[in-house]
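Undergrad: In the working numbering, the protein residues as written are 1019 to 1543. Quick reminder that beta carbons are idealized off the backbone N, C-alpha and C, glycines included.
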């Protein structure tokens, strides 16, 4: 078998060819790869260009927006700056205007001063003329006095003295009368202040006794041993009574008397009745106290309603709200200067009805006003203000007509009266309050005060008689006309009033009337 001989160069050639083919294949692959890279780079470049273009457009838009913002900001700053300048200009204009106004005012003042100077110059000329006239009058008076002296020189010493004293007395009387009138004119300027002082002084003098009378009630005990039972063990009973009734129970050394103190008259009345019943019953302990006080409150409320209904029935008034009836009944337990307010209101309603009939006014309306005029006194401890205004507001709340509301509000001049009914109410209120016996005062004190008033008036020179009238609200002084003339009578009235004010204690005011009368009587036979 023949062996095939392979030339030595064949493997080499084969290897070379393989290498060559590998190189060719590599080059081909590299070329293809390069082309692919170029295509991809071109795509990437386009993509980058598009992205760069988008970014550029975005940046351009942002730049435009920022530019607009800057323009707006600059415009706003400019406007602010302009507004500031305008404010400064306005302020400067106002200052200029004020300066012009001040200049105009100063010019006016200068004109007025110039006119005043001219007027003063004219007045000065008049004064000089007047002084010259006075000098001429003085010269004339000196001449007349010289003539009078010459005439007196022919008189005796006694006649000259009498003539001089007569002239002097007449001059003094005239001067005294003129002085009194001048003092009265000056006094009118401070009359209101003086009136307030007098009223305040009178209130201070009368307040303590009056407060004691209207804020306390007394309960008489069968024996002093009942005081201990009222107090109770460790004070439990008296504390229970005070807590249930809202008053103060005063137990002191006064024999067989317990004092109930409180500003609310209803509470005092409830406490008084309850305490009297407890004393009659004999069982005094906290539970019984609460039971009795509760029953008494119901009874008092019924009594209040009955009192209001009786007052309305007595006067023949209709269409009154039930709440007004209850409020009116509360006045049964209210007193003013010792005068029961409900009785005072009923009396005033009758008076107003009679006066309204004579004046051709509506009688029912007048009675309604008289009955309700002091209804605010049942509420004045609950509200602030005068009882007239409180009562008027209460009546308005419950449907009373405006004429009634106004008359109640105006009967003490707290508001202006709107019609004749308010004036009629003021007159009737004054009548019922000023009649003798209307407002309580101890008889002994009352008589002593009247006697002292008459004694003070009679102590002055020239007084013939003096009488205290109008329940001590006025004193009439009759003087001797031969001893006191008109000017001295005026001074006498002032002196008597001053003496009464300094030495007496009295409510309200006292009128001093001095009467000077000359009677010439002759008989024909």
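Which residues in the same chain have their Cβ closer than 7 Å to the Cβ of residue 1406, if we skip the five residues on either side of it in sequence?
TA: The residue you call residue 1406 lines up with position 388 of the chain shown. Same-chain partners within the cutoff: 1394, 1426, 1427, 1429, 1430 and 1432.
Undergrad: Contact between the region 1364 to 1372 and the region 1442 to 1450 is defined here as three or more beta-carbon pairs at a separation below 8 Å; is this criterion met?
TA: Yes: at least three Cβ pairs fall under 8 Å.
Undergrad: By a C-beta neighbour count over all protein chains shown, 10 Å radius and 16 as the cutoff for buried, is residue 1274 buried or exposed?
TA: Here residue 1274 is taken as the residue at index 256 of the chain shown, counted from 1. Residue 1274 is exposed by the Cβ-count criterion.
Undergrad: What residue from 1288, 1376 and 1386 has the CA that sits closest to residue 1331's CA?
TA: Indexing the chain shown from 1 puts residue 1331 at position 313. Nearest of 1288, 1376 and 1386 to residue 1331, Cα basis: 1386.
Undergrad: Locate the beta strand (DSSP E) running through residue 1266, then write down its first and last residues.
TA: Your numbering for residue 1266 matches position 248 in the chain shown. Taken as a continuous stretch (DSSP letters only), the beta strand (DSSP E) holding residue 1266 covers 1266 to 1268.
Undergrad: Among 1486, 1373, 1087 and 1238, whose alpha-carbon lies nearest the alpha-carbon of residue 1298?
TA: The sequence position of residue 1298 within the chain shown is 280, counting from 1. The shortest C-alpha separation from residue 1298 is found at 1238.
Undergrad: Which residues bound the alpha helix (DSSP H) around residue 1331?
TA: In the chain shown, residue 1331 corresponds to position 313, counting from 1. Unbroken alpha helix (DSSP H) run through residue 1331: 1304 to 1333.
Undergrad: If you follow the alpha helix (DSSP H) that residue 1341 is part of, which residue opens it and which one closes it?
TA: Within the chain shown, residue 1341 is the residue found at index 323, counting from 1. Looking at the DSSP string, the run of the alpha helix (DSSP H) that includes residue 1341 is 1340 to 1348.
Undergrad: Would DSSP call residue 1046 helix, strand or coil?
TA: Taking the chain shown and counting its residues from 1, one reaches residue 1046 at position 28. In this structure, residue 1046 counts as helix in the three-state DSSP scheme.
Undergrad: Does DSSP put residue 1544 in a helix, a strand or coil?
TA: As shown, the chain starts at 1019 and ends at 1543. That puts residue 1544 outside it, with no answer to give.
Undergrad: Taking the continuous beta strand (DSSP E) assigned at residue 1234, which residues delimit it?
TA: Looking up residue 1234 in the chain shown gives position 216. Taken as a continuous stretch (DSSP letters only), the beta strand (DSSP E) holding residue 1234 covers 1234 to 1238.
Undergrad: Mapping the DSSP letters down to three states, classify residue 1459 as helix, strand or coil.
TA: Within the chain shown, numbered from 1, the residue matching residue 1459 stands at position 441. Caution applies to residue 1459, whose pLDDT of 47 falls short of 50 and renders its modelled position unreliable; the model cannot decide the point.
Undergrad: Excluding the 5 residues flanking residue 1350 on each side, which residues of the same chain have their C-beta closer than 6 Å to its C-beta?
TA: Position 332 of the chain shown, counted from the start, is the residue given in the question as residue 1350. 1325 and 1360, listed in sequence order.
Undergrad: Looking at the structure shown, is residue 1527 part of a helix, part of a strand, or coil, going by DSSP?
TA: Here residue 1527 refers to the residue found at position 509 when the chain shown is read from its first residue. Residue 1527 falls in the coil class under three-state DSSP.
Undergrad: With H, G and I counted as helix, E and B as strand and the rest as coil, what does DSSP make of residue 1492?
TA: Mapped onto the chain shown, residue 1492 falls at position 474. Strand.
Undergrad: Since residue 1290 contacts residue 1235 with CB under 8 Å, what's their CB separation in whole angstroms?
TA: The residue you call residue 1290 lines up with position 272 of the chain shown. The residue you call residue 1235 lines up with position 217 of the chain shown. Rounded, the Cβ-Cβ distance is 5 Å, consistent with contact.
Undergrad: Leaving out five residues before and five after residue 1414 in sequence, what residues of the same chain have Cβ atoms less than 6 Å from its Cβ?
TA: Walking along the chain shown from the start, residue 1414 turns up at place 396. Excluding residues within five positions, the ones whose Cβ falls inside 6 Å are 1423.
Undergrad: What are the residues that DSSP puts in a beta bridge with residue 1500?
TA: Here residue 1500 refers to the residue found at position 482 of the chain shown. Bridge partners of residue 1500: none, in fact.
Undergrad: Please report how far the alpha carbon of residue 1075 lies from the alpha carbon of residue 1091, in whole angstroms.
TA: Here residue 1075 refers to the residue found at position 57 when the chain shown is read from its first residue. Here residue 1091 refers to the residue found at position 73 when the chain shown is read from its first residue. So the two alpha carbons sit approximately 24 Å from each other.
Undergrad: Give me, in chain order, the residues of the same chain whose beta-carbon lies closer than 8 Å to that of residue 1412; leave out the 5 immediate sequence neighbours on both sides.
TA: For the purposes of this step, residue 1412 is taken as residue 394 along the chain shown, with counting starting at 1. Around residue 1412: 1342, 1345, 1393, 1394 and 1397.
Undergrad: What is the DSSP secondary structure of residue 1404, reduced to helix, strand or coil?
TA: Position 386 of the chain shown, counted from the start, is the residue given in the question as residue 1404. Of the three classes helix, strand and coil, the one that applies to residue 1404 here is coil, per DSSP.
Undergrad: Roughly how many angstroms lie between the CA atoms of residue 1262 and residue 1300, to the nearest whole one?
TA: Position 244 of the chain shown, counted from the first residue, corresponds to residue 1262. Position 282 of the chain shown, counted from the first residue, corresponds to residue 1300. Distance between the alpha carbons of residue 1262 and residue 1300 is about 18 Å.
Undergrad: Nearest to residue 1492 by CA position, among 1499, 1508 and 1532, is which residue?
TA: By 1-based counting over the chain shown, the position of residue 1492 is 474. Cα-wise, what sits closest to residue 1492 is 1532.
Undergrad: Please work out which residues of its chain come closer than 8 Å, Cβ to Cβ, to residue 1123, disregarding the five sequence neighbours upstream and downstream, and give them in chain order.
TA: Translated into the one-based positions of the chain shown, residue 1123 becomes position 105. There are no such residues.
Undergrad: So who's on the other strand from residue 1485, going by DSSP bridges?
TA: For the purposes of this step, residue 1485 is taken as the residue at position 467 of the chain shown. BP columns for residue 1485 point to 1494.
Undergrad: Please list the terminal residues of the continuous beta strand (DSSP E) segment that includes residue 1419.
TA: By 1-based counting over the chain shown, the position of residue 1419 is 401. Per DSSP, residue 1419 belongs to no beta strand (DSSP E) and is neither H nor E.
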